[in-house]
Amino acid sequence: MTLDTPQPPFPRQQQPMPGRSSAMDPQPDYGESSYKGSGRLEGKRAIITGGDSGIGRAVALAFAREGADVLVSYYDEDDDAKETQRLVQNAGRRCVLMPGDIKDPGHCRRIVEEAVRQFGGIDVLVNNAAHQASFSSIEDITDEEWDVTFRTNIHSMFYLTKAAVPHLGTGSAIINTASINADTPSPQLLAYAITKGAIQNFTAGLAQLLAEKGIRVSCVAPGPIWTPLIPSTMPPEKVKDFGKQVPMQRPGQPREVAPVYVLLAGDEGSYISGATVAVTGGKPIL
481 MTLDTPQPPF
491 PRQQQPMPGR
501 SSAMDPQPDY
511 GESSYKGSGR
521 LEGKRAIITG
531 GDSGIGRAVA
541 LAFAREGADV
551 LVSYYDEDDD
561 AKETQRLVQN
571 AGRRCVLMPG
581 DIKDPGHCRR
591 IVEEAVRQFG
601 GIDVLVNNAA
611 HQASFSSIED
621 ITDEEWDVTF
631 RTNIHSMFYL
641 TKAAVPHLGT
651 GSAIINTASI
661 NADTPSPQLL
671 AYAITKGAIQ
681 NFTAGLAQLL
691 AEKGIRVSCV
701 APGPIWTPLI
711 PSTMPPEKVK
721 DFGKQVPMQR
731 PGQPREVAPV
741 YVLLAGDEGS
751 YISGATVAVT
761 GGKPIL
């Protein structure tokens, strides 16, 4: 399956933040023609933040084909979000779209409330949305940029999790998206990398805290994955050779990450909690 996966170098491209999937060349592979479900999440109800594109869209599609209904939280990328909704609905499942700013704790609570109202409960929370930006010097990172990164990447995770836990029962799962940057931080992604380390720590502590409730908590640590975050936050020369730095010498596609979320969300992952699962193209994490 990986034989047809696009290899660098890629065409020169750059987008404004937060990026759009439709403007990427080559187009990311979300598993539209390759992911086959087998009922592993039948009847489950999931919240996925950042589900409009990238890893979040691939997870939403995989969850739907495995039998789950999903609420997709996103910022303002309506065109991408509607495509995710189309894919989920074509799989025969419900997809509720909820735009808004997860830096706002009130909006995070409303996301959970809407999922409960629409689905009657929650079984899986996927904290996936993230903000990143590249800087060559710490002096270039403004106070506002630092604040936005932490509020988007880690504060929102706390708000959403705190709101969701009262609705989660035995066998439920919380899955957080960390990054290879949690262990091997890129200096150009200083603020982002620090938040990803915090997510990994948050996951490890929360897994212990919620074990008595029967709620599992793990995180996925992707390496270079071909998503709209790349051409919208990295300089063109980095985009051109994106993924060459790992042993497989290419970026992963979103469809190559999604099966890990399915495992962690489903009954097959019943003894996995407090774990970090690396999807890094062969580059080890410590």
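Note that the working numbering has the sequence shown beginning at 481, numbered continuously upward. For glycine and all other residues, C-beta sits at the position ideal for the given N, C-alpha and C.
Worksheet item: Which residue spans inside the stretch 701-742 form an unbroken alpha helix (DSSP H) run of at least 4?
Response: For the stretch 701-742, whole alpha helix (DSSP H) runs of length 4 or above, ordered along the chain, are 709-713, 716-720.
Worksheet item: In the structure shown, what three-state DSSP assignment does residue 551 receive?
Response: strand
Item to complete: Spell out the partners DSSP gives residue 656 in its beta bridges.
Response: In the DSSP assignment, residue 656 forms a beta bridge with 607, 699.
Practice prompt. For residue 675, name the three-state secondary structure that DSSP assigns.
Written response: helix
Practice prompt. Specify the secondary structure class of residue 618 as computed by DSSP and reduced to three states.
Written response: Of the three classes helix, strand and coil, the one that applies to residue 618 here is helix, per DSSP.
Worksheet item: Cα-Cα, which of 589, 639, 667 is closest to residue 619?
Response: 667
Worksheet item: Is it buried or exposed for residue 761, if we count other Cβ within 10 angstroms and need 16 for buried?
Response: buried
Worksheet item: Between the stretch 733-740 and the stretch 506-517, are three or more C-beta pairs nearer than 8 Å?
Response: yes
Worksheet item: For the 8 Å Cβ check, are there 3 or more pairs between the stretch 751-766 and the stretch 717-732?
Response: A contact is defined here as three or more CB-CB pairs under 8 Å, and the stretch 751-766 meets this definition with respect to the stretch 717-732.
Item to complete: Just the C-alpha distance for residue 614 and residue 717, rounded to the nearest angstrom, thanks.
Response: Each residue's Cα considered, the two are about 13 Å apart.
Worksheet entry | For residue 578, the first and last residue of its enclosing beta strand (DSSP E) | 575-579
Practice prompt. Let me know the secondary structure DSSP gives residue 591 once reduced to three states.
Written response: In this structure, residue 591 counts as helix in the three-state DSSP scheme.
Item to complete: Out of 556, 523, 562, 558, state which residue places its alpha-carbon closest to the alpha-carbon of residue 544.
Response: 523
Discussion item. On a Cα-Cα basis, can you pick out the residue from 586, 584, 539, 587 that is closest to residue 456?
Written reply: Past the edges of the chain, shown from 481 to 766, lies residue 456, and the structure says nothing about it.
Worksheet entry | Given residue 518 as reference, the closest of 714, 722, 679, 739 once Cα atoms are compared | 739
Worksheet entry | Nonlocal neighbours in the same chain, by C-beta distance under 8 Å from residue 481, ignoring five residues either side | Per-residue confidence for residue 481 stands at a pLDDT of 44, beneath the threshold of 50, marking its modelled position as unreliable; the derived number appears in the next sentence. Shown here for residue 481: same chain residues with a beta carbon closer than 8 Å to its own, the five before and five after excluded, namely 514 in chain order.
Fill in: Run of the beta strand (DSSP E) containing residue 759, from where it starts to where it stops
756-759
Discussion item. Taking the beta carbon of residue 570 as the centre, do at least 16 other beta carbons fall within 10 Å, making it buried, or is it exposed?
Written reply: exposed
Discussion item. Shorter than 7 Å, the distance from the beta carbon of residue 685 to the closest heavy atom of the ligand PLP, or not?
Written reply: Absence of the ligand PLP from the depicted structure is noted, as is the absence of any ligand whatsoever, leaving it without description.
Discussion item. Taking 6 Å as the limit between beta carbons, can you name the residues of its chain near residue 573, skipping five residues before and five after?
Written reply: 544, 549
Fill in: Residue from 598, 701, 557 whose Cα sits closest to the Cα of residue 661
Looking only at 598, 701, 557, the smallest Cα-Cα distance to residue 661 is reached by 701.
Worksheet item: Should the stretch 708-717 be called in touch with the stretch 686-694, which here means at least 3 C-beta pairs below 8 Å?
Response: no
Worksheet item: Taking the beta strand (DSSP E) that residue 526 falls in, what are its first and last residues?
Response: 525-529
Item to complete: Using a threshold of 8 Å, state whether the C-beta atoms of residue 677 and residue 759 are closer than that.
Response: no
Practice prompt. Could you tell me if residue 751 is buried or exposed, where buried requires 16 or more neighbouring beta carbons within 10 angstroms of its beta carbon?
Written response: exposed
Fill in: Boundaries of the alpha helix (DSSP H) in which residue 565 is found, first to last residue
558-570
Practice prompt. Buried or exposed for residue 581, please, with buried defined as at least 16 other CB atoms from any protein chain shown within 10 angstroms of its CB.
Written response: exposed
Worksheet entry | Local conformation of residue 747 per DSSP, three classes | helix
Practice prompt. Whole angstroms is fine: what's the gap from residue 757's alpha carbon to residue 684's?
Written response: 12 Å
Fill in: Coil, strand or helix - residue 517 by DSSP
coil
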